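Some notes on the structure that comes next.
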Amino acid sequence: MTNLLSIAALGAKIGFSLALGDAQGGRATVSAADMDSFSVATNGAVIVATWHGHPVAGDGFTATAHLREVDGAWQWDFAYGGQTSAYDVETVSFPEVTLARTDETRILYPPALGPGRLFRPDWPKAKPGEQVQESRLGVPSFQFTALFTPGARPFYFDTRDTRCCARQFAYRNGRAPHTLELALKTPVPLDGKSRAAWRMPYSGTMRLFDGNWYDAAQIYKPWARRQWWHVNAKKRDLGPLRDIGIWFWNRGEADKVVAVVERFKALAGVPVALDWYWWHAIPYDMCYPNYWPPRDGVEKFTDACRRLAAEGIFAQVYMNGQSWDMDDPSWAEGGVADVKMNRDGTWRAIAFNCYSGHRLAYVCGEAPHFQSRIRAHARNLRAAGLPSLYLDEISCTAQGICFNPKHAHAPGDPHAMVPGYRAYLDAVRRDNPGMMLSSEEFSEAYMDKFESLITLFGCYERFAGGGAPTIEEVPVVPALYHGDFAAFGAYTMVDGIPPWDPKWPADGKWDKEEFWPGKFPDQFAIEFTRSVVWGMQPTVHHFRLHLYDDPRYAGSVRLMVETARFYHAHREWLFDGEMLAPGHMACATQAVEFMCRKTYAKKGEYAVVRQPALPTVMHSVWRAPNGRVAAVLFNWSRVPREFRLEAPDISAAGTLPPRTWQLVQGGRR
Ligand SMILES: [Zn+2]
């Protein structure tokens, strides 16, 4: 440990490592612990740590870190030089921070999907040095992480990158007992000169603080809201998106989707939006990107789009913005030239569609063949009268690095992916003046390019896989960026039955369905309303016309109507407002079981997640643009519940009837 920089004020030890490699698969690691010498000097207010000489990287190899204390935070930077091995430097891991932990330590990090995640690793089972979690390599929804250990001040770490450099947080069990290691990994471009010397292209800060996930977000928020992604996003007029009372995420031909939203609009009397999947003739998750023609034929599809527009129903249709089916004949027409390639010439491709086994490959930002196909479809859709286009996956996965030798960018350049995608989105918009764009989940790299974003992680239990959830999803993104874009989404379905594309082989379809709400009576109410509490627009998934008239679902339909009206009536908080500190809610908790069944669930098989003690009254606190503060409350349980909320900006107490919303205005009593 002598080669680590010790920052007593943080209770942290800091080191680095470099991953070296070559095209033949050779690998080596340079780490602080193996350096020939280490020295620390203080230069004014700056600590300068210098590591020198390494058996592989060379006698002249030097790594240098600066740490400057500013207002209780430590700003860091890192560079290396004199690397003379035959390897390239592929990744810099700096800082590598070693901290004390207990078995209760939780990690707050930006997941690839969802607004923010608290995760408690199974520390007792983790081997020394074993990685227990990582964020996706790329530009996620926010740039900080925090570590919470009961009885100790939380540790906060951020990056302050404004150029969309691909990066990743990694968390390991420490090599010493009762420690953990947090590492920030940054890919190094294989541009020739970076092999010898490179400076990390961004910096960041770390500090101790007091509080919870919301307080961690408040450290990051002032800086984040000065940056271009927020400034540009905030300048936009989101027009009709602001007035939407509920989204229907529905699938299939016009006859299956249009009447459903029309009926709800008449029932609730608020504006309704349609996120329309499976409008295309091809089956779901294969044959991409060949979306045109529509399943209904051009004429009927166009009539449906025009009818929706005439009725003031906002609609957008699905296309995947970055996936190409490599088992489709069209792949031969530019797929390999466009694909996002690994260093060894392979690429990532996933067969989401388990029936066809067709693999969807991800394209790079430099993908002219793919992009021209999507642009052609977008023009057809705009001509059909659609006001918005959903481009799946871009926001959450158009990230990372690419080594495709056919591309102009340097292999592995961490800055290369995002500009190509942003230019592609600009081209789609230029082709279709006035058309809005939408995508999946959050990223600072793209939030000013998409007017709306779907997020499904108000339903996080159903994605947890079974047992007791090890994660808790928390609304960090709304705490930072609420109102910058319209956020909507939920995977939840009133009858618990996921959609089935009739173009899939019939023998994969579940032939026996139960009345699932009988087994999981609280799942829909929680999943449907939790993201609304977080300030997202209500969304219901796979709702079919017959469900309106089935008395078993009358309570759920009533909840949909009441939620849409409640959200719509309180948009000055729930769309325009600033999320304030949640404070403490005292209310009864209740155990809840969730059915985990996704779109591709195997026939008859599902897992059950059990939340042992979920608060029965969910809440959030908001400040409207006119300064008025309000608490939003929802009792998801089936009996009246007493509650007492104590938050820094408001307090409230009372009894909420079952399945009931309430907005409490005013300040502290
Ligand atoms: Zn590329």
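Read the sequence shown against the numbering used here and you will find it ends at 670, with the numbers running on by one and no gaps. We treat Cβ as the ideally placed atom computed from N, Cα and C, and that holds for glycine. Note that the coordinates shown come from a computational prediction; the quantities given were computed from them, not determined experimentally.
Figure out for me which residue from the options has the closest Cα to the Cα of residue i.
i: residue 638; options: 654, 662, 648 and 272; result: 662
i: residue 198; options: 113, 283, 59 and 144; result: 59
i: residue 160; options: 193, 203 and 183; result: 203
i: residue 48; options: 431, 77 and 450; result: 77
i: residue 578; options: 406, 382 and 621; result: 621
i: residue 654; options: 396, 587 and 348; result: 587
i: residue 206; options: 504, 74, 473 and 449; result: 74
i: residue 419; options: 364, 543 and 581; result: 364
i: residue 671; options: 438, 143 and 561; result: Only positions 2 to 670 of the chain appear in the structure, and residue 671 is not among them; the question remains open.
i: residue 434; options: 383, 465 and 404; result: 383
i: residue 303; options: 624, 644, 503 and 256; result: 256
i: residue 106; options: 13, 120, 95 and 7; result: 120
i: residue 126; options: 110, 149 and 179; result: 179
i: residue 506; options: 445, 421, 355 and 436; result: 355
i: residue 570; options: 186, 549 and 539; result: 539
i: residue 341; options: 311, 564 and 421; result: 421
i: residue 310; options: 609, 274 and 94; result: 274
i: residue 81; options: 55, 565, 102 and 71; result: 55
i: residue 14; options: 34, 657 and 618; result: 34
Compute the beta-carbon to beta-carbon distance between residue i and residue j, rounded to the nearest angstrom, for a pair I have assumed lies under 8 Å.
i: residue 459; j: residue 535; result: 6 Å
i: residue 90; j: residue 413; result: Between residue 413 and residue 90 the Cβ distance is about 10 Å, and since that is not below 8 Å, they are no contact.
i: residue 371; j: residue 339; result: 5 Å
i: residue 172; j: residue 131; result: Residue 172 to residue 131, Cβ: 10 Å. No contact.
i: residue 553; j: residue 516; result: 6 Å
i: residue 543; j: residue 499; result: 7 Å
i: residue 38; j: residue 16; result: With 8 Å as the limit, residue 38 and residue 16 do not qualify as a contact, their Cβ atoms being about 14 Å apart.
i: residue 225; j: residue 109; result: 15 Å between Cβ atoms; not a contact.
i: residue 232; j: residue 444; result: About 16 Å; that fails the 8 Å criterion.
i: residue 481; j: residue 215; result: At roughly 10 Å, the Cβ-Cβ gap does not stay under 8 Å, so residue 481 and residue 215 are not in contact.
i: residue 562; j: residue 249; result: The Cβ separation is near 13 Å, so there is no contact.
With DSSP collapsed to three states, give me the class of residue i.
i: residue 388; result: coil
i: residue 15; result: strand
i: residue 661; result: strand
i: residue 403; result: coil
i: residue 338; result: helix
i: residue 670; result: With a pLDDT of 47 at residue 670, under the threshold of 50, the modelled position of this residue cannot be trusted, and the question is left open.
i: residue 538; result: strand
i: residue 43; result: strand
i: residue 619; result: strand
i: residue 343; result: coil
i: residue 395; result: helix
i: residue 197; result: coil
i: residue 96; result: strand
i: residue 220; result: helix
i: residue 567; result: helix
i: residue 524; result: helix
i: residue 603; result: coil
i: residue 316; result: strand
i: residue 588; result: strand
i: residue 462; result: helix
i: residue 513; result: coil
i: residue 157; result: strand
i: residue 69; result: strand
i: residue 475; result: coil
Are the CB atoms of residue i and residue j nearer to each other than 8 Å?
i: residue 611; j: residue 592; result: yes
i: residue 320; j: residue 391; result: yes
i: residue 651; j: residue 487; result: no
i: residue 85; j: residue 62; result: yes
i: residue 11; j: residue 209; result: yes
i: residue 289; j: residue 325; result: yes
i: residue 117; j: residue 649; result: no
i: residue 30; j: residue 42; result: no
i: residue 243; j: residue 451; result: no
i: residue 96; j: residue 143; result: no
i: residue 566; j: residue 261; result: no
i: residue 99; j: residue 175; result: yes
If we count Cβ pairs, one from each stretch, closer than 8 Å, do we get three or more for the stretch 513-532 versus the stretch 550-570?
yes
Inter-stretch contact at 8 Å, needing at least 3 Cβ pairs: the stretch 370-388 / the stretch 627-641:
no
Pairing CB atoms from the stretch 453-470 with CB atoms from the stretch 489-500, are three or more of them under 8 Å?
yes
How do the stretch 294-308 and the stretch 597-610 stand: do at least 3 beta-carbon pairs fall below 8 Å, yes or no?
no
Stretch-stretch touch, CB-based, cutoff 8 Å, three pairs: the stretch 463-474 with the stretch 163-171:
no
Three CB pairs or more closer than 8 Å across the stretch 144-163 and the stretch 373-381
no
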